[in-house]
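Asker: Just so you know, the sequence shown maps onto residues 0 to 320 in numbering that gives the first Met the number 0.
Ideal Cβ positions, reconstructed from N, Cα and C, are used throughout, including at glycine.
The following block contains the structure, expressed as structure tokens.
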Amino acid sequence: MFLKPVHANAVRRRVQRLLVTHYDSVLRLIGNTPLIKIRKANPYERISIYAKLEGENPSGSLKDRIVLYMLADAIERGELTPDKTIVESSSGNTGISVAMIGAVLGSKVLVTLPDNVSVERRKLIQVYGAQLVLTPGELGTDGAIDEARRLAQQEGYLWIAQHYNEVNSFAHYETTGAEIIHQLNGKPLDVFVGTSGTTGSLMGISARLKERFPSVKVISVWPKKKIMGLRRPEGKSRPGIYDEARIDEILEVEDAESIAMAQEISRKEGLLVGPSGGAVMLGALRAAERFHRTQSEATIVVLIPDRGERYLSLGEFGGSV
């Protein structure tokens, strides 16, 4: 699918070895996140919306899955050795995950991060013992990627390159997509809504879901301008793993409406989600409205990437609380 069979099997084996070696560690908490029904924030009785809560991973986001798999791959290939420092660019969540898993593995970690991300995400990375290199916020994630690439050219650094690493997509094909199918417990699936960061989750989950539900519509939510943690995967910002053929529709949303929806979910459902969680719920409700107009029944699944605590210092997100 994303990897040649021999490579895929090697990654699977190495992940299992890591989980056995660290059987009593936080690594065993990665994945198997809950899928819950959205009730009060969904006004359409005939439409079922389910949220996959990736904030329940141990570091608080879906990125734990891909970091576990990418580091397992690097170990299997002999690229990650005890003397190497793992370097990765991030808008926050991947950096937190690399820092957490690096701590378990005993590896040094350096994260390049735009200087305009929330203070919570910076501190979470540092609490796990990782080093931070801040890049100009106006350059966005691209600036952090360029700095990680520059550092990786030096001796002693290993760049796992989430935006270009097919193991990113493979991790979601193996785990997240398979979990959604299992948790639906035989229900049909009409729409899946995800976000556009590295696009790894969309690529992997789309591939797995379309094997089981050939007619499922996969919607990618893009920021019209800027939403923390999301990107428009085009131009220089296009991730190397992105394949638009796996996406059926793109929905654009505004930052302000994403934040308002995230706050509505918190107040109606008791789920503290970040701006990207608000964005995917907007996408789900727009899809639900179409089914409602035709008086159709439908099942929609949204991927909520993380939790909202790490955004509360941002005035536009936490300022009205």
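1) What are the boundary residues of the alpha helix (DSSP H) that includes residue 203?
2) Note down the Cα distance separating residue 115 from residue 121, rounded to an integer number of angstroms.
3) Does residue 320 come out as helix, strand or coil in the three-state DSSP assignment?
4) Determine, using beta-carbon pairs with one atom in the region 146 to 160 and one in the region 177 to 194, whether at least three such pairs fall under 8 Å.
5) Excluding five sequence neighbours on each side, which residues of the same chain lie with their C-beta closer than 7 Å to the C-beta of residue 209?
6) What would DSSP say about residue 289, mapped onto helix, strand or coil?
7) List the DSSP bridge partners of residue 306.
8) Answer yes if the region 38 to 46 comes into contact with the region 90 to 98, meaning at least three C-beta pairs across the two stretches below 8 Å, and no otherwise.
9) What number of angstroms, rounded off, separates the C-alpha of residue 235 from the C-alpha of residue 140?
10) Answer with buried or exposed for residue 320, where buried requires no fewer than 16 other C-beta atoms within 10 angstroms of its C-beta.
11) Is the region 78 to 85 touching the region 18 to 34, taking contact as three or more C-beta pairs under 8 Å?
12) Using the beta-carbon count (16 or more within 10 Å), is residue 135 buried or exposed?
13) Assign residue 105 to one of two classes, buried (16 or more other C-beta atoms within 10 Å of its C-beta) or exposed (fewer than that).
14) Residues bridged to residue 325 by DSSP?
15) Between which residues of its own chain and residue 291 is the CB-CB distance below 6 Å, once the five residues before and five after are set aside?
16) From the DSSP output, read off the bridge partner residues of residue 220.
17) Check the C-beta distance from residue 213 over to residue 61 and give it rounded, since I have them as a contact under 8 Å.
18) Using alpha carbons as the reference points, say which of 276, 171 and 211 lies closest to residue 221.
19) Taking 6 Å as the limit between beta carbons, can you name the residues of its chain near residue 129, skipping five residues before and five after?
20) Three or more C-beta pairs closer than 8 Å, one from the region 4 to 14 and one from the region 142 to 151: is that the case here?
21) Given a threshold of 16 other Cβ atoms within 10 Å of its Cβ, counted over all protein chains shown, does residue 56 qualify as buried or as exposed?
22) So the beta strand (DSSP E) residue 62 belongs to, where does it begin and stop?
23) Here's a check: name, in chain order, each residue in its chain whose Cβ is nearer than 8 Å to the Cβ of residue 194, leaving out the five neighbours to either side.
24) So, are the CB atoms of residue 243 and residue 281 less than 8 Å apart?
25) Roughly how many whole angstroms lie between the Cα atoms of residue 272 and residue 34?
26) Taking 6 Å as the limit between beta carbons, can you name the residues of its chain near residue 251, skipping five residues before and five after?
27) Apply the 10 Å Cβ neighbour rule to residue 238 and answer buried if 16 or more other Cβ atoms are within range, or exposed otherwise.
28) May I have the straight-line CA-CA distance separating residue 12 from residue 253, to the nearest angstrom?
29) What residue range is occupied by the uninterrupted beta strand (DSSP E) comprising residue 49?
30) Roughly how far, in whole angstroms, is the beta-carbon of residue 65 from the beta-carbon of residue 206, given that I think they are within contact range, below 8 Å?
31) Just curious, the beta strand (DSSP E) that residue 36 is in, first and last residue?
32) Compute the Euclidean distance between the alpha carbons of residue 1 and residue 10, then round it to the nearest angstrom.
33) For the beta strand (DSSP E) that contains residue 104, what are its first and last residues?
34) Mind checking residue 14: buried by the 16 CB within 10 Å criterion, or exposed?
Answerer: Taking the coordinates as given:
1) 199 to 211 is the extent of the alpha helix (DSSP H) around residue 203.
2) Each residue's Cα considered, the two are about 10 Å apart.
3) With a pLDDT of 47 at residue 320, under the threshold of 50, the modelled position of this residue cannot be trusted; read the value that follows with caution. It is coil, neither helix nor strand.
4) Under the Cβ criterion (8 Å, minimum of three pairs), the region 146 to 160 does not count as touching the region 177 to 194.
5) Excluding residues within five positions, the ones whose Cβ falls inside 7 Å are 215.
6) Per DSSP, reduced to three states, the secondary structure at residue 289 is helical.
7) Bridge partners of residue 306 according to DSSP: 272.
8) In this structure the region 90 to 98 does not touch the region 38 to 46; the number of beta carbon pairs closer than 8 Å is below three.
9) Rounded to the nearest angstrom, the two C-alpha atoms are 11 Å apart.
10) Residue confidence is low: residue 320 scores 47 on pLDDT, short of 50, so the model does not pin down where it sits. Its coordinate-derived value is still stated next. Flag for residue 320 reads exposed.
11) With fewer than three CB-CB distances shorter than 8 Å, the region 78 to 85 does not count as touching the region 18 to 34.
12) Under the 10 Å beta carbon count, residue 135 is surrounded by fewer than 16 other beta carbons and is classified as exposed.
13) Only exposed fits residue 105, as fewer than 16 other CB atoms lie within 10 angstroms of its CB.
14) This structure gives no information on residue 325, because the portion of the chain shown stretches from 0 to 320.
15) Here the set comprises 43.
16) As DSSP reads the structure, residue 220 sits in a beta bridge with 194 and 250.
17) Not confirmed; about 25 Å, so no contact.
18) From the listed residues 276, 171 and 211, the smallest Cα separation to residue 221 is found for 276.
19) Around residue 129: 98, 108 and 110.
20) The region 4 to 14 makes no contact with the region 142 to 151; the number of CB pairs closer than 8 Å stays below 3.
21) Taking all protein chains in view, the Cβ of residue 56 is crowded by 16 or more other Cβ atoms within 10 Å, so the residue is classified as buried.
22) Unbroken run through residue 62 is the alpha helix (DSSP H), 62 to 75; no beta strand (DSSP E).
23) Counting only Cβ-Cβ distances below 8 Å, and skipping sequence neighbours, we find 200, 201, 219, 220, 228, 229, 275, 278, 279, 302 and 304.
24) It is not a contact, given that the beta carbons lie outside the stated cut-off.
25) Residue 272 and residue 34 have their C-alpha atoms spaced approximately 14 Å apart.
26) 221 and 223.
27) Residue environment for residue 238: buried (at least 16 other C-beta atoms within 10 angstroms of its C-beta).
28) Their Cα atoms are separated by approximately 42 Å.
29) Unbroken beta strand (DSSP E) run through residue 49: 46 to 52.
30) Not confirmed; about 15 Å, so no contact.
31) Counting along the chain, residue 36 sits inside the beta strand (DSSP E) bounded by residues 34 to 37.
32) Cα atoms of residue 1 and residue 10: separation of roughly 12 Å, rounded to the nearest angstrom.
33) Per DSSP, residue 104 belongs to no beta strand (DSSP E); it is in the alpha helix (DSSP H), 92 to 104.
34) With 16 or more Cβ atoms within 10 Å of its Cβ, residue 14 is classed as buried.
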